[in-house]
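**Student:** In our numbering, the protein residues as written are -7 to 495. Got a structure for you, questions after.
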Ligand code: GLN
């Protein structure tokens, strides 16, 4: 029998040759974005590592002397706002200034915020938090959009590119707490400050300043290498109308959402309302006839899944840090370390696993699982991470448990993260209608914002005194996410259809 004819793609023009001059055979622009985002995340996580401690330490330790509840409230609202303001940042880039300029301006605002916190005054502290949240809203979604813009819609390197980009994020996230923590808390640095004639109680502000220096380095890199971005991230054409009215609406809606989520502390029913609105929105868009609407419905399904994922994952700073501090033997091979070092373990796993995933996606190429399937697996792994904590919690009845439990937990969560987070970034850039790509990226980070908030709500029930209750705490959450995993699994074929040809 003669071999079946190979279908020949119909092409009117030859494709331009792929740019393979950047990291790992990727476009050169990826290198620029990798290092810019690495430094931005260095500043974000470096500051975040100090934030809670700085607020609760007394004035005698150089801190603000807030009680834990107040500090946790500010921390939660801040981490939520950082991600929530991405919608506004995405909108501004799409309709006014383009991603390129948004990243530059956002970075300048972020650096200003960190430097503001370098001064020992409460006004400067709050001004710093607001500036960082606003600046991150401009930078974070738009730098991710530009990564997507480096690849054509059919380029199989896209997911791998996002995995590499994600590694840059985590390189910054891993290194910065070590630097800012050393400046803020170590005796060595404090005695150096004394020798130089500075007040050692202000060591925290040196840590905040270091975060600002990191962001500044990122900006310098970005400016020097901007021409590598080729055609991505330009402002909309001058003739295009500028929707000032809509901008006002998006700004007001963002602030209202921040206020509503804050109010959900006192009125938990608001969370159910939020879920109901999301389901209604999915159905509304799914049953409209046009392709853009169907894709938006798919985006909203991913949104829901991501929100649930982050609600477990983002308990690292709360539930897991308490488990590490109170219930884990923090030593390896005779070396004991402070419980806060656990916060770097997720990033270490990302750095180890990102190349494995980048390789996997290239190897599987067109045969890799669809993005809804990857999301399903992501949820499954984060559920498994809490299943693992059930026996760990039971064992705490006999005292502290060994460090392998948490190493295992972070491994499972990071595998889940690699299946969901970079894939989510990549999928959003593919599904978004071109004129809305910045906005859609903002919506993606809104899932992280709400997930952060839910993580805070869930962690509120953490109890370290009773092993049985603690095991139930983990088991119930694992069951909840397990259930969500099954639903998403059942929906995979439908979501694929909604994606209208995008994988
Ligand atoms: N750790 C990743 C980052 O900082 C993802 C955070 C998120 O989207 N929740 O970019």
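Here a beta-carbon is modelled for each residue, glycine too, at the ideal position from N, C-alpha and C. Given the structure is predicted, the values throughout are model-derived calculations rather than measurements.
#1: Between 388, 430, 168, 403, which lies nearest to residue 455 when the distance is taken from Cα to Cα?
#2: Using only CA atoms, which one of 240, 34, 303 lies nearest to residue 199?
#3: For residue 159 and residue 342, which I take to be in contact (beta-carbon distance under 8 Å), what is that distance rounded to the nearest angstrom?
#4: Going by beta carbon distance, what residues of the same chain come within less than 8 Å of residue 395, once the five residues before and after it are set aside?
#5: Excluding five sequence neighbours on each side, which residues of the same chain lie with their C-beta closer than 8 Å to the C-beta of residue 497?
#6: Would you mind stating whether residue 497 and residue 213 have Cβ atoms separated by less than 9 Å?
#7: Is the beta carbon of residue 105 less than 9 Å from the beta carbon of residue 94?
#8: Using the three-state DSSP reduction, which class does residue 327 fall into: helix, strand or coil?
#9: Please indicate yes or no: does the CB of residue 161 lie closer than 8 Å to some heavy atom of the ligand GLN?
#10: At what residue ranges does the region 207 to 266 contain a whole run of the alpha helix (DSSP H), taking only runs of 4 or more?
#11: Would a C-beta distance cut-off of 9 Å place residue 139 and residue 127 closer than the cut-off?
#12: Mind checking who residue 393 pairs with in its DSSP beta bridge?
#13: Pull up the CB-CB distance for residue 304 and residue 378, whole angstroms please, since I reckon it's below 8 Å.
#14: Just checking residue 165 against the ligand GLN - is the residue's beta carbon closer than 8 Å to any of the ligand's heavy atoms?
#15: Please confirm if residue 481 has its CB atom under 9 Å from at least one CB of chain C.
#16: Nearer than 8 Å: is that true of the beta carbon of residue 210 relative to any heavy atom of the ligand GLN?
#17: Please list, in chain order, all residues of the same chain as residue 471 whose beta carbon is under 7 Å from its beta carbon, the five residues on each side excluded.
#18: Residue 501 and residue 451 look like a contact to me (Cβ under 8 Å); what is the Cβ gap, rounded to whole Å?
#19: Residue 415 and residue 339 - do their beta-carbons sit closer together than 9 Å?
#20: Express the C-alpha separation of residue 372 and residue 380 in angstroms, rounding to a whole number.
#21: Distance, Cα to Cα, residue 59 vs residue 45?
#22: How about residue 385 and residue 447: do their beta carbons lie closer than 9 Å?
#23: Looking only at C-alpha atoms, which of 37, 38, 62 sits nearest to residue 49?
#24: In chain order, what residues of the same chain have a beta carbon less than 8 Å from the beta carbon of residue 287, not counting five sequence neighbours either side?
#25: Answer yes or no: the CB of residue 443 versus the heavy atoms of the ligand GLN, is any distance below 8 Å?
#26: Is residue 41 near the ligand GLN, with its Cβ less than 8 Å from a heavy atom?
**Tutor:** Reading from the atomic positions:
#1: As a first step, residue 455 must be located in the chain shown, where it is residue number 463. For the residues 388, 430, 168, 403, the minimum Cα distance to residue 455 belongs to 388.
#2: On the chain shown, position 207 is the one that residue 199 refers to. Cα-wise, what sits closest to residue 199 is 34.
#3: Start at 1 with the first residue of the chain shown, and residue 159 comes out as number 167. Start at 1 with the first residue of the chain shown, and residue 342 comes out as number 350. Right, their Cβ atoms sit about 7 Å apart.
#4: Here residue 395 refers to the residue found at position 403 of the chain shown. These residues qualify, in order along the chain: 320, 321, 322, 323, 324.
#5: The displayed coordinates of the chain run from -7 to 495. Any statement about residue 497 would go beyond what the structure contains.
#6: The shown model of the chain, from -7 to 495, leaves out residue 497, and the question about it has no answer.
#7: Within the chain shown, the letter at position 113 stands for residue 105. Within the chain shown, the letter at position 102 stands for residue 94. Annotated as distal: residue 105 and residue 94, with beta-carbon spacing of 9 Å or more.
#8: One-based indexing of the chain shown puts residue 327 at position 335. Correct three-state label for residue 327: strand.
#9: Sequence index remark: in the chain shown, residue 161 carries index 169 (1-based). Correct: residue 161 has its Cβ closer than 8 Å to the ligand GLN.
#10: Qualifying alpha helix (DSSP H) stretches, in chain order: 236 to 255.
#11: Within the chain shown, residue 139 is the residue found at index 147, counting from 1. Within the chain shown, residue 127 is the residue found at index 135, counting from 1. Remark: C-beta atoms of residue 139 and residue 127 do not approach each other more closely than 9 Å.
#12: Translated into positions along the chain shown, residue 393 becomes position 401. Per the DSSP secondary-structure output, residue 393 pairs in a beta bridge with 320.
#13: If you number the chain shown from 1, residue 304 lands on position 312. If you number the chain shown from 1, residue 378 lands on position 386. The C-beta separation of residue 304 from residue 378 comes to about 6 Å, placing the pair in contact by the 8 Å criterion.
#14: Looking up residue 165 in the chain shown gives position 173. The answer is yes for residue 165.
#15: In the structure shown, chain C does not exist; there is a single protein chain.
#16: Stepping through the chain shown from its first residue, residue 210 is reached at position 218. Not so, every heavy atom of the ligand GLN lies at least 8 Å from the Cβ.
#17: To locate residue 471, count along the chain shown from 1; it is residue 479. Close CB contacts of residue 471 within its chain, under the 7 Å cut and outside five residues either way in sequence, are absent.
#18: This structure cannot settle anything about residue 501, because the visible part of the chain is limited to -7 through 495.
#19: Position 347 of the chain shown, counting from 1, holds the residue named residue 339. Position 423 of the chain shown, counting from 1, holds the residue named residue 415. No, these two residues do not count as a Cβ contact at 9 Å.
#20: Sequence index remark: in the chain shown, residue 380 carries index 388 (1-based). Sequence index remark: in the chain shown, residue 372 carries index 380 (1-based). Cα to Cα, residue 380 sits roughly 12 Å from residue 372.
#21: Within the chain shown, residue 59 is the residue found at index 67, counting from 1. Within the chain shown, residue 45 is the residue found at index 53, counting from 1. In this model, residue 59 and residue 45 are separated by some 11 Å (Cα to Cα).
#22: For the purposes of this step, residue 385 is taken as the residue at position 393 of the chain shown. For the purposes of this step, residue 447 is taken as the residue at position 455 of the chain shown. Not a contact, by the Cβ cut-off of 9 Å.
#23: Working through the chain shown from its first residue, we reach residue 49 at position 57. The candidate whose alpha carbon is nearest that of residue 49 is 62.
#24: Your numbering for residue 287 matches position 295 in the chain shown. The residues are 423, 424, 425, 490, 491, 492, 494.
#25: Here residue 443 refers to the residue found at position 451 when the chain shown is read from its first residue. Within the chosen limit of 8 Å, the ligand GLN reaches the beta carbon of residue 443 through at least one heavy atom.
#26: The residue given as residue 41 occupies position 49 in the chain shown. Checking every heavy atom of the ligand GLN against the Cβ of residue 41, none is found closer than 8 Å.
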